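Asker:
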Amino acid sequence: MRSVMTGNYASAYGVKLSRAEVIAAYPITPQTSIVEKLAEFVASGELNAKYIPVESEHSAMAACIAAETAGARTYTATSSQGLTLMHEVLIWASGARLPIVMTNVARAMAPPWSVWVDHMDSIAQRDTGWMEFFCQDNQEVLDTTIIAYKVCESAGVMLPAMIIEDAFILSHTSEPVDVPDQQLVDSFLPAYSPELKIEPGKAMGFGSLVKPDQYMEFRYKAMLGMREAHDRYLRVEQQFKSIFGREHGGLLDRYRCADAEVVLVCAGSVASTAREVVDAIRAKGSKVGLARIKAFRPFPQEEFKELASRVEGMAVLDRSYTFGAAGAMFSEVKAAAYSSHRRPVMKNYIAGLGGRDITPKILERIFADMMVVSKRGAEDEVEWVDVAGLPRRWR
Amino acid sequence: MTKSYEEIPLTPISDSPSTITITGLWRVMRPVVDPKKCKKCTVCWKFCPDAAIKLVDGVPLIDLQYCKGCGICSFECPAKCIVMVKEGEK
Amino acid sequence: MPTTIPEEEFTYPGSTGCPGCGANLVMRYMLKALGERTIVSIPACCWAVMPGYWPSNCLKVPLLYTAFEATGAAISGLRAALDLKGIQDVTVVGFAGDGGTVDIGLQALSGAAERRTNAIYVMYDNEAYMNTGIQRSGSTPWGAWTTTTPVGTTHGFKHEIKKDIMAIMQAHRIPYSATVSVAHPEDFVKKIAKAKEIEGFRFVHALSPCPPGWRMNPMHSIEVARLAVDTHVFPLYEIMDGRVKITKKGRGLPVSEYLKFQGRFSHLTGDEVEAIQKGVDAQWQTLMAKEESGT
Amino acid sequence: MVVASEVLANAAFRMGFEVSAFPFFGVERRGAPVTAYTRIDSRPIRTKSSIYWPDYVVVLDSSLLKGIDVLEGLKQGGSVLINYPEGKKLENVSPRFHHFVLDATAVASAHGIGSQTAPIVNTAIMGGFAKMCDVVTLDSVLESIRELAPAKEEENVAAAKEAYERTVEVRP
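From first to last, the protein sequence lines stand for chains A, B, C and D.
Start counting at 1 in the first sequence, then tack on 1, and there's your number in the working numbering.
Start counting at 1 in the second sequence, then tack on 519, and there's your number in the working numbering.
Start counting at 1 in the third sequence, then tack on 38, and there's your number in the working numbering.
Start counting at 1 in the fourth sequence, then tack on 19, and there's your number in the working numbering.
1. If distances are taken between C-alpha atoms only, which option among Gln584(B), Pro536(B), Glu595(B) and Pro579(B) comes closest to Pro554(B)?
2. Using the C-alpha atoms, what's the distance from Ala327(A) back to Val72(C)?
3. For the alpha helix (DSSP H) containing Asp119(A), list its first residue and its last residue.
4. Applying the 10 Å Cβ sphere with the 16-neighbour rule, what's the burial state of His59(A)?
5. Using DSSP with H/G/I as helix, E/B as strand and the rest coil, what is Pro42(D)?
6. Whose CA, out of Leu97(C), Thr184(C), Gly110(C) and Val220(C), lies closest to the CA of Cys567(B)?
7. From this set, Leu69(C), Val99(C), Glu74(C) and Ser114(C), which residue's C-alpha is nearest Tyr52(A)'s C-alpha?
8. Tell me which residues share the same chain as Asp370(A) and place their Cβ nearer than 6 Å to its Cβ, disregarding the 5 neighbours each side in the sequence.
9. Am I right that Trp117(A) and Ala111(A) are in contact with their C-beta atoms under 8 Å? What's the rounded C-beta distance?
10. Per DSSP, which residues does Cys600(B) bridge with? Please list them.
11. DSSP on Thr75(A), reduced to helix/strand/coil?
12. Counting pairs of Cβ atoms below 8 Å between the region 290-297 of chain A and the region 370-387 of chain A, do you hit three or more?
13. Classify Glu15(A) as buried or exposed, calling it buried when 16 or more other Cβ atoms lie within 10 Å of its own Cβ.
14. Does the distance from the CB of Ala71(A) to the CB of Leu297(C) come in under 8 Å?
15. Using a C-beta to C-beta distance shorter than 8 Å, which residues of chain C count as neighbours of Cys65(A)?
16. Going by alpha carbons, who is nearest to Val106(A) out of Ala168(A), Thr75(A) and Leu185(A)?
17. So Ser101(D) and Leu93(D) are supposed to be a Cβ contact under 8 Å. How far apart are they, rounded?
18. Tell me whether Met145(D) is buried or exposed, calling it buried when 16 or more other Cβ atoms sit within 10 Å of its Cβ.
19. What residues from chain B crowd round Asn95(C), counting only those whose CB sits closer than 8 Å?
20. Which residues, in chain order, does the region 256-277 of chain A contribute to contact with chain D at a C-beta distance below 8 Å?
21. Between Thr104(C) and chain A, is there a C-beta pair that is closer than 8 Å?
22. Where does Thr540(B) land, buried or exposed, given buried means 16+ other C-beta within 10 angstroms?
23. If contacts are defined as beta-carbon pairs under 8 Å, then Val346(A) and Val334(A) qualify, I think. What distance do you get, rounded to the angstrom?
24. Anything in the region 170-191 of chain A with a Cβ closer than 8 Å to a Cβ of chain D? List those residues in chain order, please.
25. At a Cβ threshold of 8 Å, is Ile351(A) touching chain D?
26. Spatial neighbours of Lys286(C) within its chain, please: C-beta separation below 7 Å, excluding the five flanking residues on both sides.
27. Among Glu172(D), Lys171(D) and Cys152(D), which has the Cα closest to the Cα of Val187(D)?
28. Could you check the C-alpha separation between Ala119(C) and Lys232(C) for me, to the nearest Å?
29. Which full runs of the beta strand (DSSP E) of 3+ residues lie inside the region 295-339 of chain A, going along the chain?
30. What ranges does the beta strand (DSSP E) occupy inside the region 165-244 of chain C, keeping only unbroken runs of at least 3 residues that lie completely in it?
31. Of the residues Gly355(A), Leu18(A) and Ile147(A), which one's Cα is nearest the Cα of Trp114(A)?
32. Any Cβ of chain C within less than 8 Å of the Cβ of Thr85(A)?
33. Along the region 50-61 of chain C, what residues have a CB closer than 9 Å to any CB found in chain B?
34. Suppose you measure from the CA of Gly390(A) to the CA of Ser287(A); what does that come to, to the nearest Å?
35. Determine the chain A residues that contact Pro100(C) at a beta-carbon separation under 7 Å, and present them in chain order.
36. Have a look at Arg190(D), Ala31(D) and Arg33(D) and flag the residue whose alpha-carbon is nearest the alpha-carbon of Val112(D).
Structure representation (structure tokens):
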């Protein structure tokens, strides 16, 4: 049944439909209406769960880790400062192989203080062993929450995942969302019952000390889990489609790339605007496409390698900056493209930080620049877009 | 011996008793009990940090595999029937 | 007279605590009182090492290792999951060191207490970061040497007073808290057994002598714990719904009797020992007054 | 309290349109000016970027006219509805836009919506919007209000109806 709701409410409905059992909640703009809505669901009895009002994000994740170890399906949500405060226990959750699902409302890191969209907080967690699913609209937020639980809890995976929702552009934007039927979701996502869990009467220590001669094998096993997650996600999304009649383009959502000469690679809500821009440019005769990173982890390595082998130019838009040689997404996409037998010209555009609006006009100009660059090569490989003081005008 | 990644659980879950670690090897001094003097007050059993003392008819039997030789039993024994002896000496 | 503490052991020998380690006894007595239907959550601390390397475990009850500052949150998570699953007859215990409780773990502890998490939090207090080699913590007493409060040539030592965690927890209006000592196992077990029957958040402060950290002969662990009570350095009492009750008056010996066994205090001058004596006396008077007035 | 932009989005959605409604959030403080945006289209709305050239502008508080250029970016021939005190003359009415006025404050307080000192004009103004805008009908607005109003449903509906009647265009 379709109704108009914010991305935050779409998250809350996704969690309710997934029958989360223990919810640890600590508020942070712009995530608060998720934990508020969940509090209502629990209070009204619509969701049979224990709601733990923790005193920090670090404790939110620690509480989920403990509850998940005891066999409960858990959930939490956070953003920017809260996500980075969790960094230690994010790594703990993946090391403990716990399929916790969390929503991160992607928001800029302070200082400067900013409550608006930016992917730096999410990108900074790429090494934690968490799957990272960037969404472009509220329907995808709801659906991916349910899909994530099923992928994470699969036997060969058993790793946590974060659903990433752009601050305000999704979290607080109301748009039509279909809320699936609970029975259908139950048929798709059975109750969580792990093989191993902490339970009274069973003397087992969870998370023991391991000597150097045994640590690597545990980390290798976790790597296998992330590798398995790649294929498992695609299979689970197809199962979801067979039941609910929709999908969101797998791990690398390619739009009109089949015959594209120039492709824009990006993630999150900007990709939705980019779809419009691709159609507009195509209508004027240029062969452009969009490759939307849905999953930054597991990274769609093979998909990028294949795409790179048949396009002239790849523009990679990073909505974050991580003080490396270039944006994080650009670096990883370029690495994947490097091993392709034909290497496209590649350029990195840093745009939309701290909530700066990425308008259709800006995207048109990025495509135009990339079409030139893919013919003549780029002077410098990384360009910051729409920065006052830089010569080029984008607006 | 390092276990293969296929043999180990998803994350380290410990379920085998710590008795595989023979802490008795740590000793420098060893408690020696004189059963005749023992008043069966169980103080030694009570205060042993490693639960390495078994009471046989109330008299302490020290499990030398695990006793670390801390000397608490000897110090606390009201009857002074436990003497600390240098390891290796009779 | 034979002992009155339960015979059954819930710890295996072979744990890697130092000879004479008080913390081993704290765990041993606690589990004797709580029994098999217990789940223990332990953060980074000596006790995170003691069960041994994987797959070794010295506890006969389930154990969850957590991050250093997370004990308060972990016991809330455990209890929530158990409640949700309808598993009622189990005691959830947070078992942490002093640094992990009064310093890095204080925030999560306060959160768990304020949420009235149905769990027991036991702090084994060896008065410094012992697992990392005796660095001072907020629970290290005034006057003590540690590797980060060196005496050296400047006659240095820790100049801040020990954090009063019992007062901090009392400010959270929790239904039950108590101090316990490994020198008084009967009192220890009695209090834990009482705490077990109480609903809500309960806190237990256990003094846990540490031979290497206190610079003393391991054989004196129990004697030192006993003297801590007898000199009123570590009074034994409980607070039930806000009312203080002293459970062991102690012999009222001079503080010097307690200090003399411990190398960490050996540098103190007479005046400095006198200063400690004054502080201890004042603290003892306050406690007695509280017991008197029932607040 | 029901949010005006949600009433509008929901009304359009109930009529079968695709919608997207989003606030520009800054630091929310009581009394501080906020702006909310709504897109209505016949096909799914994929553009996720702010609105710079609106077709319609709605001003819920005439005091904003002093500090803010509320008409910034309004398309040529676009329309603006202002909650404006009854009988007071609207100044500098530009021929480039259609101006509509409605004393939503009076209507809201007459129907007892919000407090006497701070009546809530959200539903009343939406009644006025239905008059100004030919996309969204009054009925869809009323239905949306019934669905979303947490309390005083009938008063809110009545206020919107009356507001619709009392909304008039002001010619330059």
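Glycine is no exception: its CB is placed at the ideal position from the N, C-alpha and C atoms.
None of these values were measured; they are calculated from a predicted model.
Answerer: Short version:
1. Counting from one through the second sequence, the residue named residue 554(B) turns up at place 35. For Pro554(B), the nearest C-alpha among the options comes from Pro579(B).
2. Translated into positions along the third sequence, residue 72(C) becomes position 34. Translated into positions along the first sequence, residue 327(A) becomes position 326. Checking the sequence shown, residue 72(C) turns out to be Leu, not Val. Whole-angstrom Cα-Cα distance: 57 Å.
3. For the purposes of this step, residue 119(A) is identified with residue 118 of the first sequence, where counting begins at 1. Taken as a continuous stretch (DSSP letters only), Asp119(A) belongs to no alpha helix (DSSP H), as it is neither H nor E.
4. Translated into the one-based positions of the first sequence, residue 59(A) becomes position 58. The residue is buried, with at least 16 neighbouring Cβ atoms inside 10 Å.
5. Translated into positions along the fourth sequence, residue 42(D) becomes position 23. Here Pro42(D) sits in strand by DSSP.
6. As a position in the second sequence, residue 567(B) is number 48, starting the count at 1. The residue with the shortest Cα to Cα distance from Cys567(B) is Val220(C).
7. Residue mapping note: residue 52(A) aligns to position 51 of the first sequence, counting from 1. Residue Ser114(C) is the option with its Cα nearest to Tyr52(A).
8. For this step, residue 370(A) is matched to residue 369 along the first sequence. In the same chain as Asp370(A), and ignoring 5 residues on each side of it, no C-beta atom comes closer than 6 Å to its own.
9. The residue you call residue 117(A) lines up with position 116 of the first sequence. The residue you call residue 111(A) lines up with position 110 of the first sequence. 12 Å between Cβ atoms; not a contact.
10. Mapped onto the second sequence, residue 600(B) falls at position 81. Bridge partners of Cys600(B): none, in fact.
11. By 1-based counting over the first sequence, the position of residue 75(A) is 74. Of the three classes helix, strand and coil, the one that applies to Thr75(A) here is strand, per DSSP.
12. At 8 Å Cβ cutoff, the stretches do not touch.
13. As a working mapping, residue 15(A) is identified with position 14 in the first sequence. Going by the sequence as given, residue 15(A) is Gly instead of Glu. Buried is the call here.
14. Within the first sequence, residue 71(A) is the residue found at index 70, counting from 1. Within the third sequence, residue 297(C) is the residue found at index 259, counting from 1. It is not a contact, given that the beta carbons lie outside the stated cut-off.
15. As a working mapping, residue 65(A) is identified with position 64 in the first sequence. For Cys65(A), the chain C residues whose C-beta falls within less than 8 Å of its own C-beta are Gly115, listed in chain order.
16. Position 105 of the first sequence, counted from the first residue, corresponds to residue 106(A). The residue with the shortest Cα to Cα distance from Val106(A) is Ala168(A).
17. Numbered from its first residue, the fourth sequence carries residue 101(D) at position 82. Numbered from its first residue, the fourth sequence carries residue 93(D) at position 74. The amino acid at residue 101(D) is misidentified as Ser; the sequence shows Ile. Between the beta-carbon of Ile101(D) and that of Leu93(D) there is about 12 Å, and that puts the pair past the 8 Å contact cut.
18. Within the fourth sequence, the letter at position 126 stands for residue 145(D). Taking a 10 Å sphere around the C-beta of Met145(D), we find 16 or more other C-beta atoms and assign the residue as buried.
19. Here the question's residue 95(C) lines up with position 57 in the third sequence. Close partners of Asn95(C) in chain B (Cβ separation under 8 Å): Ser533, Asp534, Ser535, Pro536 and Ser537.
20. Residues of the region 256-277 of chain A that bring their beta carbon within less than 8 Å of a beta carbon in chain D comprise Ser270, Val271, Ser273, Thr274, Arg276 and Glu277, in sequence order.
21. To locate residue 104(C), count along the third sequence from 1; it is residue 66. Yes - at least one Cβ of chain A is within 8 Å of the one on Thr104(C).
22. As a position in the second sequence, residue 540(B) is number 21, starting the count at 1. Thr540(B) counts as buried, since no fewer than 16 other beta carbons sit within 10 angstroms of its beta carbon.
23. Along the first sequence, one-based indexing puts residue 346(A) at 345. Along the first sequence, one-based indexing puts residue 334(A) at 333. Beta-carbon to beta-carbon, Val346(A) and Val334(A) are separated by about 13 Å, too far to satisfy the 8 Å threshold.
24. Here the close residues are Ile170, Leu171, His173, Thr174, Ser175, Glu176 and Pro177.
25. One-based indexing of the first sequence puts residue 351(A) at position 350. Answer no: the Cβ-Cβ gap between Ile351(A) and chain D never drops below 8 Å.
26. As a first step, residue 286(C) must be located in the third sequence, where it is residue number 248. Hits under 7 Å: His222, Asp225, Val267 and Leu274.
27. Looking up residue 187(D) in the fourth sequence gives position 168. Residue nearest to Val187(D) within the set Glu172(D), Lys171(D) and Cys152(D) is Cys152(D) (criterion: CA-CA distance).
28. One-based indexing of the third sequence puts residue 119(C) at position 81. One-based indexing of the third sequence puts residue 232(C) at position 194. Distance between the alpha carbons of Ala119(C) and Lys232(C) is about 24 Å.
29. Runs of beta strand (DSSP E) with 3 or more residues, each lying fully within the region 295-339 of chain A, are found at 296-298 and 314-319, listed in chain order.
30. Considered as a whole, the region 165-244 of chain C harbours 214-219 as its complete beta strand (DSSP E) runs of no fewer than 3 residues, in chain order.
31. Position 113 of the first sequence holds residue 114(A). If we check each option's Cα against that of Trp114(A), Gly355(A) comes out closest.
32. Position 84 of the first sequence, counting from 1, holds the residue named residue 85(A). No - not a single Cβ of chain C is within 8 Å of the one on Thr85(A).
33. Those would be Tyr50, Pro51, Gly52, Ser53, Thr54, Gly55, Cys56, Pro57, Gly58, Cys59, Gly60 and Ala61, in chain order.
34. Sequence index remark: in the first sequence, residue 390(A) carries index 389 (1-based). Sequence index remark: in the first sequence, residue 287(A) carries index 286 (1-based). Spanning the alpha carbons of Gly390(A) and Ser287(A) requires a straight line of approximately 31 Å.
35. By 1-based counting over the third sequence, the position of residue 100(C) is 62. What Pro100(C) touches in chain A: Ile199, Glu200, Pro201, Lys203, Ala204 and Met205.
36. Along the fourth sequence, one-based indexing puts residue 112(D) at 93. For the residues Arg190(D), Ala31(D) and Arg33(D), the minimum Cα distance to Val112(D) belongs to Arg190(D).
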